[in-house]
Amino acid sequence: MAKIKIDPVTRIEGHLAIEVDIDSNNNVIYAHSTGNLFRGFEKILIGRDPRDAVHLTQRICGVCPVSHCMASVNALENAFGYTPSDQARIIRNLILGSNFIASHILHFYHLAALDYIQGPEMEPWTPHYNTDCRLTSSQNQAIIDNYVAALEARRKAHEMAAIFAGKMPHVTTVLPGGVSVTPTSESISKFNMYLDWIIDFINNKYIPDVNTIADAYSDYFSIGVGNGNLLAYGVFDLDNTGNYKLFRRGVYTNGTISELDESLIKEYVMYSWYDNSDTNKHPSNGSTTPTPDKSGAYSWLKAPRYNGEPFELGPLARMTINGDYTNGISVMDRHLARAQEARKIAYAMKDWLLQLEPEVTSYDELTVPNSRVGVGLTEAPRGAVGHWIAISDSKISHYQVITPTCWNASPRDDNGNPGPIEGALVGTNVANVEKPIEILRIVHSYDPCTGCSVHVSRADREVISEFIVNPVR
Amino acid sequence: MEFKEKSLKRRNGSMRITRREFLKWAATSAAALGLSQLDLLRLEKVLADSSAPPVIWIQGASCSGCAISLLNVTDPTTVDDVLLNHISLKYHPNLSAVAGHMAMEKIEYEMIDKMGQFILVVEGSVPTSANGKYCIVGEKTDGTPWTMYQAVQDLAAKAKYVIAAGTCAAFGGIPGGNPNPTSVVHLDEIVEKNKVVNLPACPVHPTHLVKVILELISTGMPALDGEGRPKAFFSRKLHSNCPRRGTSRAKKIGEFGCMNGLGCNGPNTYIDCPLVKWNNGVNWCIGSNHPCIGCAYPGFPDAVSPFYKF
Ligand code: SF4
Ligand code: SF4
Chain A
0 MAKIKIDPVT RIEGHLAIEV DIDSNNNVIY AHSTGNLFRG FEKILIGRDP RDAVHLTQRI
60 CGVCPVSHCM ASVNALENAF GYTPSDQARI IRNLILGSNF IASHILHFYH LAALDYIQGP
120 EMEPWTPHYN TDCRLTSSQN QAIIDNYVAA LEARRKAHEM AAIFAGKMPH VTTVLPGGVS
180 VTPTSESISK FNMYLDWIID FINNKYIPDV NTIADAYSDY FSIGVGNGNL LAYGVFDLDN
240 TGNYKLFRRG VYTNGTISEL DESLIKEYVM YSWYDNSDTN KHPSNGSTTP TPDKSGAYSW
300 LKAPRYNGEP FELGPLARMT INGDYTNGIS VMDRHLARAQ EARKIAYAMK DWLLQLEPEV
360 TSYDELTVPN SRVGVGLTEA PRGAVGHWIA ISDSKISHYQ VITPTCWNAS PRDDNGNPGP
420 IEGALVGTNV ANVEKPIEIL RIVHSYDPCT GCSVHVSRAD REVISEFIVN PVR
Chain B
0 MEFKEKSLKR RNGSMRITRR EFLKWAATSA AALGLSQLDL LRLEKVLADS SAPPVIWIQG
60 ASCSGCAISL LNVTDPTTVD DVLLNHISLK YHPNLSAVAG HMAMEKIEYE MIDKMGQFIL
120 VVEGSVPTSA NGKYCIVGEK TDGTPWTMYQ AVQDLAAKAK YVIAAGTCAA FGGIPGGNPN
180 PTSVVHLDEI VEKNKVVNLP ACPVHPTHLV KVILELISTG MPALDGEGRP KAFFSRKLHS
240 NCPRRGTSRA KKIGEFGCMN GLGCNGPNTY IDCPLVKWNN GVNWCIGSNH PCIGCAYPGF
300 PDAVSPFYKF
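Just so you know, the protein sequences line up as chains A and B, in that order. So in numbering that gives the first Met the number 0, the last spot in the first sequence is 472, and the numbers never skip. So in numbering that gives the first Met the number 0, the last spot in the second sequence is 309, and the numbers never skip.
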């Protein structure tokens with residue numbers, strides 16, 4: 000039995016390594032996903048002014064800062080017992096929607112497409128793994144041209160966001176009590192011009208290009224199929240009750256959709272570099288105690304589970320749970336659902352923009368309560384994100400975050416269940432063990448965002464690494 | 000036009016014809032390939048630029064926000080122009096096509112082959128406790144994990160210049176916030192100071208970054224202040240350039256006016272945000288009626304928090 004290790008996995012956010020065992024026919028029989036960065040945000044937050052969390056937690060991720068900003072502000076407003084006005088809700092939706100679009104475009108063209116096309120013959124596009132380029136040279140060239148156009152499109156999506164966000168990445172204007180920014184007729188019409196340009200890009204470049212790749216790589220509708228479990232917290236509130244959203248929350252298991260019960264979320268750490276006393280905890284009372292030398296552990300990611308089971312998060316989960324996407328679960332389904340979601344959000348933004356009132360600022364100064372708890376559940380482009388806070392003496396006394404990639408790229412849990420990406424890799428045939436492009440395609444389809452580095456080491460030598468546990472048998 | 004055929008052949012085993020041959024072939028087959036005149040021009044430009052100065056980008060305890068910010072650049076030019084025409088980006092964790100051992104081989108090759116020549120861009124601070132295990136950049140070709148701590152030392156020793164992109168790399172940033180759980184250090188604590196350009200702000204301002212890269216290539220080290228920051232962008236406090244200076248004080252977030260009194264850090268923070276603004280000049284923090292949180296301040300976040308002084 001040989002091992003293939005990819006470390007670093009590039010074209011993701013963060014530090015991730017993937018290691019797989021393959022049998023004599025080059026089929027993956029075990030997979031391990033390793034998050035290779037720990038910063039300790041949850042410890043750094045303790046003792047600070049709760050309002051600072053909105054600014055600090057967005058710096059967890061520069062690709063989806065707005066989602067952390069929103070999860071944090073939701074958790075705080077939940078703790079403070081405050082409901083923002085329609086105006087603030089809409090401005091927040093517009094900022095978040097802009098970042099979803101920027102992130103989806105970035106993901107397809109700049110992070111994933113190079114697994115299917117051959118980029119320009121120069122760095123950083125050479126060398127590459129793609130030994131299986133199936134597009135005609137004119138299709139390939141068209142997507143390279145759109146790779147460049149997409150740099151402009153995602154940049155414009157950020158400029159659009161900054162109109163109401165102050166700056167991107169890392170939003171300034173959102174805080175408990177509302178938003179600081181005041182829309183004007185001028186800024187609204189500027190936003191609208193950007194949005195029209197971006198909708199045109201989505202309709203005439205992004206979606207056709209995803210379709211081109213899906214046609215050429217149709218076998219990827221049955222590769223990386225995952226465990227059939229999808230979960231979403233829901234996002235883009237359409238009214239102030241929080242019950243009515245553009246994407247509703249829910250749980251999907253093999254064709255059945257049910258209500259999400261937030262209390263069933265637990266994190267496990269048997270295979271993570273955290274103290275075993277941290278395991279099997281709901282994030283409202285979970286803890287995060289790094290133990291870098293713990294034997295048997297192989298990741299800085301914990302293993303979040305819902306009702307004890309691993310769940311896949313992301314655009315495919317949201318689109319499936321909402322009935323917008325019904326084709327299946329696979330590498331290509333993830334790409335198609337992501338592109339179609341970008342379009343759905345962009346059109347919803349057109350409506351929200353019309354609901355904005357020019358020259359109205361929506362901000363209420365709130366007093367930090369002495370002692371409260373709060374939860375903020377929302378979605379990042381790559382899946383559900385949750386923040387759980389407790390406040391004592393008007394300071395943060397507890398803060399736990401579960402990122403989407405923590406679910407998708409999680410290691411095994413205490414019961415030995417592999418994380419979604421680990422599970423999706425099993426059974427995959429690797430044509431060329433020196434350039435395991437199939438593995439990259441599966442991993443990238445989840446749009447992981449961990450500050451991960453992926454390790455692929457050569458199959459022809461024994462892997463000797465303290466970070467690798469033997470497959471659980 | 001002279002093409003650098005030798006280096007291309009050596010570095011890219013998959014391309015077996017020379018640049019000149021390839022271009023000739025592309026020109027004659029343009030119609031069959033569906034290439035327009037514009038495509039050919041672009042191709043020619045791309046192929047001619049293999050000798051562009053090499054840049055290696057690595058990430059430590061970061062959020063990738065500085066990499067995203069780079070993509071947002073519009074002034075002095077856009078990122079596609081930077082990548083195609085000004086630099087040769089040998090490795091970037093978010094943009095490189097290659098992964099795994101091929102990526103590591105490439106970094107090791109560039110380190111040796113381009114000794115003393117490349118520009119190293121570092122995003123994120125550098126964890127030092129637990130032998131650096133809190134951040135692994137990749138697995139070296141000898142099978143050992145390459146910690147960020149080791150990677151910075153190995154690469155910086157051979158780099159011509161080192162850019163600390165963003166507040167984390169320049170000053171430690173949020174990962175270095177109390178209690179600094181992974182004992183991060185910032186770059187000039189472990190790298191020869193006279194090689195390092197500090198570009199604080201969270202994220203790095205893309206105009207600062209690209210201008211500094213181009214200046215290092217064209218003329219060399221820019222004039223730096225005592226904190227290692229280019230004087231061109233960091234010589235004055237934000238407050239000195241702020242258009243809200245002298246306006247009536249805002250009593251509440253969201254009101255137009257000077258934010259002093261609500262916790263504005265403009266009076267402490269050296270940076271030119273009021274002049275360069277953000278995102279193609281679309282907006283900036285104070286322009287959206289929010290105080291400056293001092294994201295470019297050396298003590299960010301501890302020395303400038305709580306951000307709201309009310
Ligand atoms: S808003 Fe801030 S930076 Fe501007 S003048 Fe007032 S205190 Fe100074
Ligand atoms: S205005 Fe202040 S908080 Fe905003 S980017 Fe500039 S230094 Fe950072």
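Ideal Cβ placement from N, Cα and C applies to all residues, glycine included.
What does the alpha-carbon distance come out to for the pair A/PRO289 and B/ALA129?
Locating residue 289 of chain A in the first sequence gives position 290, where the first residue counts as 1. Locating residue 129 of chain B in the second sequence gives position 130, where the first residue counts as 1. Their Cα atoms are separated by approximately 10 Å.
Quick one: residues in its chain with C-beta nearer than 7 Å to the C-beta of A/ILE162, no 5 flanking neighbours on either side, listed in chain order?
Within the first sequence, residue 162 of chain A is the residue found at index 163, counting from 1. Annotation for A/ILE162: SER186, LYS189 and PHE190 place their beta carbon closer than 7 Å to its own, counting only its chain and skipping 5 residues before and after.
What are the complete alpha helix (DSSP H) segments, minimum 4 residues, inside the segment 289-328 of chain A?
314-320
Output needed in chain order: residues of the segment 33-62 of chain A with a Cβ under 7 Å from some Cβ in chain B.
Per Cβ criterion, the list reads ASN35, LEU36, PHE37, ARG38, GLY39, LYS42, ILE43, ARG47, ASP48, ARG50, ASP51, HIS54, LEU55, ARG58, ILE59, CYS60, GLY61 and VAL62.
If you measure beta-carbon to beta-carbon, which residues of the segment 169-185 of chain A are closer than 8 Å to chain B?
Within the segment 169-185 of chain A, the residues whose Cβ lies closer than 8 Å to any Cβ of chain B are, in chain order, HIS169, THR171, THR172, LEU174, GLY176, GLY177, VAL178, SER179, VAL180 and THR181.
Considering only the alpha carbon of each residue, which of A/LEU245, A/LEU110 and A/VAL8 lies closest to A/LEU237?
Reading the first sequence from its first residue, position 238 is the one you call residue 237 of chain A. When only C-alpha atoms are compared, the closest one is A/LEU245.
Determine the contact status of B/PRO229 and B/PRO221, defining contact as a CB-CB distance below 8 Å.
Indexing the second sequence from 1 puts residue 229 of chain B at position 230. Indexing the second sequence from 1 puts residue 221 of chain B at position 222. Their beta carbons are under 8 Å apart, which means B/PRO229 touches B/PRO221 by this criterion.
Taking the continuous beta strand (DSSP E) assigned at A/ALA11, which residues delimit it?
In the first sequence, the residue the question calls residue 11 of chain A occupies position 12. For clarity, residue 11 of chain A is Ile in the given sequence; the question names Ala instead. Segment: none, A/ILE11 is in no beta strand (DSSP E) and carries neither H nor E.
Using only CA atoms, which one of A/TYR273, A/ASP413 and A/GLY382 lies nearest to A/SER298?
In the first sequence, counting from the first residue as 1, residue 298 of chain A sits at position 299. Nearest of A/TYR273, A/ASP413 and A/GLY382 to A/SER298, Cα basis: A/TYR273.
Please compile the residues from chain B whose C-beta is within a distance smaller than 7 Å of the C-beta of A/ILE5.
On the first sequence, residue 5 of chain A is found 6 positions in, with the first residue counted as 1. By Cβ distance, chain B contributes ALA98 and GLY99.
Under the three-state reduction of DSSP, which class applies to A/GLN263: helix, strand or coil?
As a position in the first sequence, residue 263 of chain A is number 264, starting the count at 1. The sequence as given places Leu at residue 263 of chain A; Gln does not occur at that position. Reduced to three states, the DSSP call for A/LEU263 is helix.
Assuming the contact rule is C-beta atoms closer than 8 Å, B/PRO290 and B/GLY253 should be a hit. Round their C-beta distance to whole Å, please.
Counted from its first residue, the second sequence places residue 290 of chain B at position 291. Counted from its first residue, the second sequence places residue 253 of chain B at position 254. Wrong, their Cβ atoms sit about 11 Å apart, outside the cutoff.
Any C-beta of chain B sitting closer than 8 Å to the C-beta of A/GLY295?
By one-based count along the first sequence, residue 295 of chain A stands at place 296. It does not: the Cβ of A/GLY295 has no partner Cβ on chain B nearer than 8 Å.
The beta strand (DSSP E) with B/GLY64 in it runs from where to where?
On the second sequence, position 65 is the one that residue 64 of chain B refers to. Per DSSP, B/GLY64 belongs to no beta strand (DSSP E); it is in the alpha helix (DSSP H), 64-70.
Residue range of the beta strand (DSSP E) that A/ARG371 falls in?
By 1-based counting over the first sequence, the position of residue 371 of chain A is 372. Per DSSP, A/ARG371 belongs to the beta strand (DSSP E) from 371-379.
Among the residues of its own chain, which have a CB less than 6 Å from the CB of A/ARG411, if the five just before and after it don't count?
Residue 411 of chain A sits at position 412 when you count from the first residue of the first sequence. Correct list, in chain order: TYR270 and PRO417.
Let me know if A/LEU353 comes out buried or exposed under the rule of 16 or more other beta-carbons within 10 Å of its beta-carbon.
Position 354 of the first sequence, counted from the first residue, corresponds to residue 353 of chain A. The residue in question, A/LEU353, is exposed, as its Cβ has fewer than 16 Cβ neighbours within 10 Å.
Tell me whether B/THR268 counts as near ligand 2, meaning its Cβ is closer than 7 Å to at least one heavy atom of that ligand.
Reading the second sequence from its first residue, position 269 is the one you call residue 268 of chain B. Yes, ligand 2 has a heavy atom inside 7 Å of this Cβ.
Can you list, in chain order, the residues of the segment 119-138 of chain A whose Cβ is nearer than 8 Å to any Cβ on chain B?
PRO119, GLU120, MET121, GLU122, PRO123, TRP124, THR125, PRO126, HIS127, TYR128, ASN129, SER136 and SER137
From the beta carbon of B/CYS241, is the nearest beta carbon of chain A less than 8 Å away?
The residue labelled residue 241 of chain B in the question sits at position 242 within the second sequence. B/CYS241 does not count as touching chain A.
Would you kindly check if the distance between the Cβ of B/PRO297 and the Cβ of B/GLU214 is under 8 Å?
Position 215 of the second sequence, counted from the start, is the residue given in the question as residue 214 of chain B. Position 298 of the second sequence, counted from the start, is the residue given in the question as residue 297 of chain B. No.
May I ask whether a heavy atom of ligand 1 can be found less than 7 Å away from the beta carbon of A/HIS67?
Counting from one through the first sequence, the residue named residue 67 of chain A turns up at place 68. A/HIS67 Cβ: outside cutoff for every heavy atom of ligand 1.
Provide the residue span of the beta strand (DSSP E) that contains B/GLY137, from first to last.
As a working note, residue 137 of chain B is residue 138 in the second sequence. Taken as a continuous stretch (DSSP letters only), the beta strand (DSSP E) holding B/GLY137 covers 135-138.
Please classify A/LYS301 as buried or exposed, where buried requires at least 16 other C-beta atoms within 10 Å of its C-beta.
For the purposes of this step, residue 301 of chain A is taken as the residue at position 302 of the first sequence. Buried, by the Cβ-count rule.
Could you tell me the boundaries of the alpha helix (DSSP H) in which B/VAL151 lies?
Along the second sequence, read from residue 1 onward, the residue named residue 151 of chain B stands at position 152. Looking at the DSSP string, the run of the alpha helix (DSSP H) that includes B/VAL151 is 147-157.
B/ALA169 to B/ALA155, Cα distance in whole Å?
To locate residue 169 of chain B, count along the second sequence from 1; it is residue 170. To locate residue 155 of chain B, count along the second sequence from 1; it is residue 156. Roughly 14 Å between the two C-alpha positions.
Would you mind working out which of A/GLU266, A/GLN140, A/ASN279 and A/VAL180 sits nearest A/THR211, comparing C-alpha positions?
Position 212 of the first sequence, counted from the first residue, corresponds to residue 211 of chain A. The residue from A/GLU266, A/GLN140, A/ASN279 and A/VAL180 with its alpha-carbon nearest to that of A/THR211 is A/GLN140.
Under a three-way DSSP split, which group does A/ALA383 fall into?
As a first step, residue 383 of chain A must be located in the first sequence, where it is residue number 384. When secondary structure is reduced to three states using DSSP, A/ALA383 falls in the strand class.
Can you tell me whether B/MET282 sits near ligand 1, meaning its C-beta is under 7 Å from at least one heavy atom of the ligand?
Here residue 282 of chain B corresponds to residue number 283 of the second sequence, with the count starting at 1. This sequence places Asn at residue 282 of chain B; Met is not what is there. It does not: the Cβ of B/ASN282 is nowhere closer than 7 Å to a heavy atom of ligand 1.
Can you tell me which of the three DSSP states A/ALA148 falls into?
The residue you call residue 148 of chain A lines up with position 149 of the first sequence. In the structure shown, A/ALA148 sits in a helix (DSSP, three-state: H, G or I).
My guess is that A/ASN226 and A/PRO309 are in contact by the Cβ rule of under 8 Å, so how many angstroms apart are they, rounded?
Walking along the first sequence from the start, residue 226 of chain A turns up at place 227. Walking along the first sequence from the start, residue 309 of chain A turns up at place 310. Yes, they are in contact, since the Cβ atoms of A/ASN226 and A/PRO309 sit about 6 Å apart, within 8 Å.
Based on Cα-Cα distance, which residue from A/THR181, A/VAL65 and A/GLU158 lies nearest to A/VAL357?
Within the first sequence, residue 357 of chain A is the residue found at index 358, counting from 1. Checking the displayed sequence, the identity of residue 357 of chain A turns out to be Pro instead of Val. Ranking the options by Cα distance to A/PRO357, first place goes to A/THR181.
Which residues mark the beginning and the end of the beta strand (DSSP E) in which A/THR33 is found?
Here residue 33 of chain A corresponds to residue number 34 of the first sequence, with the count starting at 1. Residues 27-34.
Would you list, in chain order, the members of the segment 154-165 of chain A that have their beta-carbon closer than 9 Å to a beta-carbon of chain B?
Of all residues in the segment 154-165 of chain A, only ARG154, LYS155, HIS157, GLU158, MET159, ALA160, ALA161, ILE162, PHE163, ALA164 and GLY165 place a beta-carbon less than 9 Å from a beta-carbon of chain B.
For B/PRO174, is the classification buried or exposed, using 16 other Cβ atoms within 10 angstroms of its Cβ as the cut-off for buried?
Working through the second sequence from its first residue, we reach residue 174 of chain B at position 175. Classification of B/PRO174: buried, given that the 10 Å Cβ count is 16 or more.
Check each candidate in A/ASN431, A/VAL425, A/ALA164 and A/LYS280 and name the one with the smallest Cα separation from A/ASP131.
Counting from one through the first sequence, the residue named residue 131 of chain A turns up at place 132. Ranked by Cα distance from A/ASP131, the first of A/ASN431, A/VAL425, A/ALA164 and A/LYS280 is A/ASN431.
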